[in-house]
Amino acid sequence: MKKTMMVTSISLALMATATQAWSDVRTLKFHSGLAESRPEAASIEHFAELVDEYSDGQLQVDVYHAGSLGLKEADMLRIMQRGMVDMALMYGEYYNRDAPEMASVYAQGAITEAEQHLDILPTLRELYREGYADWGIHTVGGVVAPVFDVGLHCKEPANTLEGLRDKKVRVWSGHLVETFDRLGISAQVIPQNDMYLALQTGVVDCAYYLSTVAKTVSLQEVTDYEAYLHPWAASPWMFGVSDRTWNSLDEQQQQILTRAGEEIWEETRAKAVDPEREAAAREEREAMGITVLPAFSDEDVQTFVDAAWEAWHEMASNAGEKGLRYYDTVTGELQSDSQ
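For the sequence shown, the residue numbers in mature numbering (1 follows the signal peptide of the UniProt record, and there is no 0) are -23 to -1, 1 to 316.
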């Protein structure tokens, strides 16, 4: 009897220890609006793996891709402020309703050389850190998006601004509509998922799009010509942690999230600018039957940039004092670096 009681006591003690160890594991829910097939999604998963490794399994990050938590991107600032989810992939241009100044941090036409993007990244990161902090969101690194080529993908040859003036162009933002309007070119915002049909049915004649990944939306099936215009001013994706969650973590857990986030930032930054990747993509498109025309002239590029900066300034002005400060900070540094 005594032996049986002793075995039972030991078993209960072991079970209690196991239960305590299990309860010590902290799991954070991470929202991402991006499809799992996107390269950024792999970076988020790697972040989760690093957190697991550095915490010996005691801190876990469960990533919910493609908005599977049912959260809307436009609402993420409010959601994070209330602590309704622990972490999220934050993208400033999504929050024009609640924080229009965040959409004014960076804009297309900001850079004409891919390397400029790397130089301006620390400033962009600091401005986003400040902006998210105003909403009770702590940032721990993130994903530096690749700097892809942006081109005009058209049914007929067009590699000058003059040649676009009798064309209808698809763009992805109101800022770009304003930019092309200043150039006397008709443009309209059409979501990526509707772009193929819009080109196929003649709603638009050209698509302003990321040339390097054009094949992923089958543009080669509805356009025959392409001309490079400028490098993509890609706003970085930041890893945001709700302050409510951040303040509930101990110092070691905070350090682990920070360390893992920084590693992902540095990994993706190192791969962001890759001339060989862009050259290989052009060769691939030509093999698909696309005629890659000579790039837009330096004069046309500068004309486009001037119009883009004017539209950017107007957008920033409409966003208020912060928007203008963000615009002045970024453009001032870009101009200083180019001199």
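Positions of the beta carbon are idealized from the N, C-alpha and C atoms, including for glycine.
| Check | Outcome |
| --- | --- |
| Please state whether the Cβ-Cβ distance between V146 and F157 is less than 8 Å. | yes |
| Alpha carbon to alpha carbon, how far is Q279 from L98? Give it in angstroms, no decimals. | 22 Å |
| Under 7 Å Cβ to Cβ from E92, same chain only, skipping five residues before and after it: list those, please. | V250 |
| Let me make sure I understand the geometry here. Which of A135, E298, W289, K299 has the alpha-carbon closest to that of T308? | W289 |
| Which residue spans inside the stretch 181 to 227 form an unbroken beta strand (DSSP E) run of at least 3? | 183 to 187, 202 to 208, 214 to 219 |
| May I have the straight-line CA-CA distance separating S188 from N224, to the nearest angstrom? | 42 Å |
| Between the Cα of L104 and the Cα atoms of V194, P16, G69, D227, which residue gives the shortest distance? | G69 |
| Bridge partners for F7 per DSSP, in chain order? | V40, M64 |
| Please say whether L270 and E203 have beta carbons closer to each other than 8 Å? | yes |
| Kindly provide the ranges of any alpha helix (DSSP H) runs that are 4 or more residues long and lie completely inside the stretch 221 to 290, ordered along the chain. | 228 to 249, 252 to 264 |
| What span of residues does the alpha helix (DSSP H) with S81 cover, start to end? | Element bounds for S81: n/a, residue is neither H nor E. |
| Buried or exposed for E78, going by 16 or more other Cβ atoms inside 10 Å? | buried |
| Just checking my contact of K6 with V82 at CB under 8 Å: how many whole Å lie between their CB atoms? | That pair is no contact at about 27 Å. |
| Please report the straight-line C-alpha distance between L226 and G44, rounded to a whole angstrom. | 25 Å |
| With respect to the beta strand (DSSP E) encompassing A164, which residues constitute its N-terminal and C-terminal limits? | 163 to 166 |
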